[in-house]
Structures are given as structure tokens and as C-alpha cells.
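In my numbering, the protein residues as written are 2 to 158.
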């Protein structure tokens, strides 16, 4: 009888530990991606400036890649507003900063890649409160490719 009690107790403990393990896996799965939202300003070396730009960053922790979505951005007065996706940008973490660097990024908008607007030398730094990035390209002026600078602060919900 004691043996049967011990088996039942051990079985109950095993089920309990297994259930805890499942909850931990669920928590890890939830943390596979994290989304951040920022609002900021764009400055372009051609003199163009745009305020109030919304940027969402979706971080895939398992792939060590992020997608950056920029809502209603333009690089000059002559260019229409577009929603831009910058896909699969690798990152590293250094202390409290997430750092991005990529030689070339082909932006996507209206469902397709826009190769004539390729960004070069993309660098970004994201922390708990802010984001900044710089890149070359986007719009070609008479002086050559423009430099794009973005500064933003994290939207706290």
C-alpha cells in the first residue's frame, strides 16, 4: 500500500513538473518575437525634413533578425508618402543597445521590392527609450545619393 502511495505521489509530481515545463515553453514561444513602436523625425541631406513618423520594429529573437516598418514616409517633397518595409535586418545586442548594420537593404512598398531606392550602409541603434538610424540612398539627387538620418523615441503604452 505504501508503495502504491509513493507511485501516485511521484506520478502527480511528474505531471506537475511536466505542466510547468509546458508553461515555460509557452512563455519562450511568446518571447520569440517582440514588437516596439517609435515616433520620430527624418532628416535628408537634400534638406528635406519630416516629423511625426511612426516606426514599428518586430524583433525575431530566434533568427536574430528584425523587420522594420515605417509608416507614411517620404524622402523629398516630390515623392509621395509610402509605407516602407525593411526586412530581415541582422542585429547584435551590446549591453542595453540593439545594434543593426547592413551593407544594402532593398525596401519594400506596395507589395514589392523597390530596387531603385536601395539603402546602403544602414546602421541603427535601439534601446529601451529611443531609436536612431542612418543610411545612404533612398532618393538620388543631382549631388548623388542622399544621407538619411532618423531619430525617434519609444511609444509607451
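Using N, Cα and C, we set each Cβ at its ideal position, and we do this for glycine too.
Rounded to whole angstroms, what's the CA-CA distance from residue i to residue j? Just pull it up for me.
| i | j | result |
| --- | --- | --- |
| residue 147 | residue 134 | 14 Å |
| residue 125 | residue 77 | 21 Å |
| residue 1 | residue 33 | Because residue 1 is not part of the residues shown, which for the chain are 2 to 158, the question remains open. |
| residue 51 | residue 65 | 30 Å |
| residue 56 | residue 113 | 19 Å |
| residue 38 | residue 79 | 27 Å |
| residue 43 | residue 152 | 7 Å |
| residue 110 | residue 82 | 10 Å |
| residue 158 | residue 58 | 15 Å |
| residue 67 | residue 45 | 24 Å |
| residue 63 | residue 123 | 22 Å |
State the CB to CB distance for the pair residue i and residue j, rounded to an integer number of angstroms; the pair is presumed to be in contact (CB under 8 Å).
| i | j | result |
| --- | --- | --- |
| residue 40 | residue 154 | 6 Å |
| residue 120 | residue 137 | 7 Å |
| residue 74 | residue 87 | Contact doesn't hold; Cβ gap of about 11 Å is too wide. |
| residue 71 | residue 90 | The pair is not a contact, with the Cβ atoms about 12 Å apart (cut-off 8 Å). |
| residue 129 | residue 97 | 6 Å |
| residue 116 | residue 127 | Rounded, the Cβ-Cβ distance is 26 Å, inconsistent with contact. |
Between which two residues does the beta strand (DSSP E) holding residue i run?
| i | result |
| --- | --- |
| residue 130 | Per DSSP, residue 130 belongs to no beta strand (DSSP E) and is neither H nor E. |
Can you tell me which of the three DSSP states residue i falls into?
| i | result |
| --- | --- |
| residue 49 | coil |
| residue 1 | The chain is shown only over 2 to 158; residue 1 falls outside these bounds and no answer can be derived. |
| residue 33 | coil |
| residue 55 | strand |
| residue 149 | strand |
| residue 156 | coil |
May I have a chain-ordered list of the beta strand (DSSP E) segments no shorter than 3 residues that lie completely inside the segment 65–125?
66–74, 83–95, 98–106
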